[in-house]
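If you're matching positions, the sequence shown starts at 3 in the working numbering and goes up one per residue. Note that CB positions come from ideal geometry on N, CA and C, so glycine has one too. Shown next, in structure tokens, is the structure this report addresses.
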Amino acid sequence: ILVGLTLLSFFANRPLAAIGSDAALTIRVTGHQWWWEVRYEDATPSRILTTANEIHIPAGEPVRLLLTSTDVIHSFWVPSLSGKLDLIPGRMNVLDIKADKPGVYRGQCAEFCGAQHANMGTFIIAEPRAKFDAWWNDQLEPAAAPTGDEAKAGENLFLKRPCVMCHK
């Protein structure tokens, strides 16, 4: 039975290993209690982008994820794209993924990491390369100034709260 399970595991994981290191895009994913920090690496420092919880990738292209944690052990799991991989504080793990077609792929932290663990989900959004590039460029633009009294009041409230330390 053990030999059978070993062989089954080997052949089931070969497609994951076959992606290899030819990824044109590297994304650093850091697990925090209870959210995902997503940093899109780029050779040009002004094009480095950091978001939270959603991971955008170009469909049909290999992507390298560098996975780590800042606090406790997390487990990155997007069942439709990959197996589970633990994120251990102070250690970097590598996961190569590829979404063959555009779509939204649901992921979840699969390691109990505290009181809000159940809310530590993620979405990988795979889109055609042109749409992905447009999204990235749009994210690099400055935020629009609030218009209207309610929006301005909301901005003032946000800037006075501790949330602004992470959500700049």
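Delimiting residues of the alpha helix (DSSP H) encompassing residue i
i, result
"residue 158", "151-162"
Through-space distance from residue j to residue i, alpha-carbon basis
i, j, result
"residue 100", "residue 35", "26 Å"
"residue 158", "residue 102", "43 Å"
"residue 17", "residue 130", "Note on residue 17: pLDDT 48, under 50, position unreliable in the model; the coordinate value appears next. Looking at the two C-alpha atoms, the distance is approximately 22 Å."
"residue 113", "residue 56", "19 Å"
"residue 24", "residue 117", "38 Å"
"residue 96", "residue 73", "18 Å"
"residue 154", "residue 147", "9 Å"
"residue 104", "residue 87", "23 Å"
"residue 65", "residue 151", "43 Å"
"residue 93", "residue 75", "10 Å"
"residue 156", "residue 53", "21 Å"
Spatially closest choice to residue i from the options, by CA coordinates
i, options, result
"residue 143", "49, 63, 37 and 43", "49"
"residue 28", "38, 60 and 37", "60"
"residue 106", "93, 120 and 124", "124"
"residue 108", "115, 121 and 47", "121"
"residue 98", "44, 62, 51 and 119", "62"
Distance CB(residue i)-CB(residue j) smaller than 7 Å
i, j, result
"residue 126", "residue 80", "yes"
"residue 83", "residue 69", "no"
"residue 67", "residue 40", "no"
"residue 183", "residue 111", "Missing from the structure shown is residue 183; the chain here goes from 3 to 170 and no further."
"residue 160", "residue 58", "no"
Where the beta strand (DSSP E) through residue i begins and ends
i, result
"residue 69", "65-71"
"residue 125", "123-129"
"residue 74", "No beta strand (DSSP E) holds residue 74; DSSP gives it neither H nor E."
"residue 27", "27-34"
"residue 90", "Premise fails: residue 90 is in no beta strand (DSSP E) and is neither H nor E."
Residue i, DSSP secondary structure in three states
i, result
"residue 104", "coil"
"residue 165", "helix"
"residue 114", "coil"
"residue 41", "strand"
"residue 54", "strand"
"residue 18", "A caution first: residue 18 carries a pLDDT of 48, below 50, which makes its placement in the model unreliable, though a value can still be read off. Helix, per DSSP."
"residue 142", "helix"
"residue 148", "coil"
"residue 60", "strand"
"residue 24", "coil"
Any chain D beta carbon closer than 7 Å to residue i
i, result
"residue 138", "Absent here is chain D; the protein component of the structure consists of one chain."
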